[in-house]
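> Residues in the sequence shown are numbered consecutively from 2, following my numbering. Submitted below is the structure of interest, expressed as structure tokens.
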Amino acid sequence: MKHRISEVVSGLKPSGIRKFFDIVSEMKDAISLGVGEPDFDTPWHIRDEGIYALEKGKTFYTSNSGLMELRKEISVYTERKLGVHYDPAKEALITVGGSEAIDLCCRVVLNPGDEAIIPQPSYVSYEPCALLAGGRVKIIDLKEENEFRLQPEELEAAITPRSRLLILPYPNNPTGAIMERSDLEKLVSIIEGHDLYVLSDEIYSELSFKGDHVSIASFPGMKERTILVNGFSKAYAMTGWRLGYALGASEIISQMTKLHQYCIMCAPTTSQYAAIEALKHGDQDVEEMRDAYNERRRFLLHEFKEMGLPCFEPYGAFYIFPSIKEFGMSSEDFCTDLLMKKKVAVVPGTAFGESGEGFVRISYAYSIESLKAAISRIKEHISALRAG
Numbered sequence: 002m003k004h005r006i007s008e009v010v011s012g013l014k015p016s017g018i019r020k021f022f023d024i025v026s027e028m029k030d031a032i033s034l035g036v037g038e039p040d041f042d043t044p045w046h047i048r049d050e051g052i053y054a055l056e057k058g059k060t061f062y063t064s065n066s067g068l069m070e071l072r073k074e075i076s077v078y079t080e081r082k083l084g085v086h087y088d089p090a091k092e093a094l095i096t097v098g099g100s101e102a103i104d105l106c107c108r109v110v111l112n113p114g115d116e117a118i119i120p121q122p123s124y125v126s127y128e129p130c131a132l133l134a135g136g137r138v139k140i141i142d143l144k145e146e147n148e149f150r151l152q153p154e155e156l157e158a159a160i161t162p163r164s165r166l167l168i169l170p171y172p173n174n175p176t177g178a179i180m181e182r183s184d185l186e187k188l189v190s191i192i193e194g195h196d197l198y199v200l201s202d203e204i205y206s207e208l209s210f211k212g213d214h215v216s217i218a219s220f221p222g223m224k225e226r227t228i229l230v231n232g233f234s235k236a237y238a239m240t241g242w243r244l245g246y247a248l249g250a251s252e253i254i255s256q257m258t259k260l261h262q263y264c265i266m267c268a269p270t271t272s273q274y275a276a277i278e279a280l281k282h283g284d285q286d287v288e289e290m291r292d293a294y295n296e297r298r299r300f301l302l303h304e305f306k307e308m309g310l311p312c313f314e315p316y317g318a319f320y321i322f323p324s325i326k327e328f329g330m331s332s333e334d335f336c337t338d339l340l341m342k343k344k345v346a347v348v349p350g351t352a353f354g355e356s357g358e359g360f361v362r363i364s365y366a367y368s369i370e371s372l373k374a375a376i377s378r379i380k381e382h383i384s385a386l387r388a389g
């Protein structure tokens, strides 16, 4: 029966993140710094709104696009935060997490054989989604010396006659890199000149530690060719609520909605009511969580400096991406060794693309106590490696 399985699906690699998570989940006294999930509970006022929706029997299907009240709040939020206005009736779609929005975007924009340009290291779902849409992928290997920011000459060199979609993954998972206004500005003329669409994954937009996040959709002429993806998982600690959204030109969103209609029907209703509350009254929650992440970020930067382990300063998301090249081990071997000897789980950089070799991703979406305990073990492991 093997010959009846899709060659595209069978050719996809399993997630390198889940592999280590599955091992550590059954290891006694292990500390996991591998999963990008906030350690905060969803704020009470948001949970209360979800509970209230259930108590009032609001368990029906919403429209395929999502509750109009939620789409209006997203429009208000996006204009307030990014300076970009979206028509909630025609230019917004509520999805099951940001991951569904990425999948829908790839399937709508890419024709068979079209190329999606993907800067890596980056989130593990981009490449599979492009391939499952019948597209091809063109990888740009981001460089540590550029703080993993996409350079205009790198983009220009990657473009071919089949290029159709640029995936812009900032703030970046796994590196923590950001693109500031001056960085994005240099890309705009290239994108317009080659008539590319942009999938701008801004799920970490609220977790920026160097000024306010800037969206490429805010540049003149870019809103029409950008599909902006965001959600509630990271900023509001709502991972299990599975709620995201896509914003873009009506002709793109209408086609994404059609696919969503057939595959999903609508995003979870209870989650949508909770998300309305998050957008209306969640700014203080976001600020408090961001401050806590920043404290953890600065702690890890200090500790890696003390260890003498090279690490550029990440200004976004909640990941740090130290180099382990000095040990002459693959990222996979380093992480396996650390897990088996010290019971600390981190993720090999290669889980996010081959250019991640020589690095490991450490999530600081964990309590400061967990981070301190893990760092103590990592220090012991590094000392042992250096001692030979």
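Where is the CB? At the ideal position from N, CA and C, for every residue including glycine. Only a predicted model underlies this, so the values are computations on that prediction, with no experimental measurement involved.
1. Over the uninterrupted alpha helix (DSSP H) stretch that includes L55, give me the two end residues.
2. Quick one: residues in its chain with C-beta nearer than 8 Å to the C-beta of S209, no 5 flanking neighbours on either side, listed in chain order?
3. Kindly indicate which three-state DSSP category L143 falls into: helix, strand or coil?
4. Is the Cβ-Cβ distance between V97 and I204 less than 7 Å?
5. Consult DSSP for Y62 and reduce its assignment to one of helix, strand or coil.
6. Taking the continuous beta strand (DSSP E) assigned at R362, which residues delimit it?
7. Quick one, which of S356, A250, G222 and E181 has its alpha-carbon nearest I119's?
8. Looking at C-alpha atoms only, which residue of C107, Y87 and K306 is the closest neighbour of E197?
9. Can you give me the Cβ contacts of V110 inside the same chain, cut-off strictly under 6 Å, excluding the 5 residues immediately before and after it?
10. Taking DSSP as the reference, what is the three-state secondary structure of L166?
11. Contact check, V345 vs L34 under 8 Å by CB: the rounded distance?
12. What number of angstroms, rounded off, separates the C-alpha of L280 from the C-alpha of R291?
13. Thinking F328 and L386 are a contact (beta carbons under 8 Å), I'd like their distance in whole angstroms, please.
14. By DSSP, does E148 sit in helix, in strand, or in coil?
15. Would T240 pass as a contact of E74 if the rule is Cβ separation under 7 Å?
16. For A93, collect the residues of the same chain with a Cβ closer than 8 Å to its Cβ; drop the 5 residues on either side in sequence, then sort them by chain order.
17. Quick check: what's the CA-CA separation for F61 versus S272?
18. Distance, Cα to Cα, V36 vs C336?
19. Going by beta carbon distance, what residues of the same chain come within less than 6 Å of A236, once the five residues before and after it are set aside?
20. On the three-state DSSP scale, how would you describe D202?
21. Under 7 Å, do S164 and E116 count as touching if we go by C-beta distance?
22. Helix, strand or coil for P129, going by three-state DSSP, please let me know.
23. Check whether the Cβ atoms of L339 and H382 lie closer than 7 Å to each other.
24. Between the C-alpha atoms of H82 and Y127, what's the straight-line distance to the nearest angstrom?
25. Taking the beta carbon of R5 as the centre, do at least 16 other beta carbons fall within 10 Å, making it buried, or is it exposed?
26. Start and end of the alpha helix (DSSP H) containing N174?
27. Assuming F353 contacts Q152 (C-beta within less than 8 Å), just tell me the rounded distance between them.
28. Could you check where the beta strand (DSSP E) with V230 kicks off and where it finishes?
29. CB-CB under 8 Å to G212, same chain, minus the five flanking residues each way: which ones, in chain order?
30. Are the beta-carbon atoms belonging to V348 and I18 less than 7 Å from one another?
31. Check S331 in the structure and name its three-state DSSP category.
32. If you reduce the DSSP assignment to three classes, tell me which class E116 lands in.
33. The beta strand (DSSP E) with T96 in it runs from where to where?
34. Out of R137, F233, I325 and C130, which has the shortest C-alpha to C-alpha gap to I379?
35. Who are the near neighbours of G283 in its chain, counting only those whose CB is closer than 6 Å to its CB and skipping five residues on each side?
36. When DSSP builds the beta bridges, which residues end up paired with A247?
On the basis of the data shown:
1. W45 to E56
2. P172, I179, Y316 and G317
3. coil
4. no
5. coil
6. V361 to S364
7. S356
8. It should be pointed out that residue 197 corresponds to Leu in this sequence rather than to Glu. Comparing Cα-Cα distances from L197 to each of C107, Y87 and K306, the minimum goes to C107.
9. L166 and Y198
10. strand
11. 7 Å
12. 16 Å
13. 5 Å
14. coil
15. no
16. S66, G67, R72, I75, S76, Y87, Y246, A247, L248 and I254
17. 12 Å
18. 14 Å
19. E207 and V287
20. strand
21. yes
22. helix
23. yes
24. Note that residue 82 is Lys in the sequence shown, not His. Roughly 25 Å between the two C-alpha positions.
25. exposed
26. Element bounds for N174: n/a, residue is neither H nor E.
27. 18 Å between Cβ atoms; not a contact.
28. T227 to G232
29. E181
30. yes
31. coil
32. strand
33. A93 to T96
34. I325
35. Y237
36. L94 and V230
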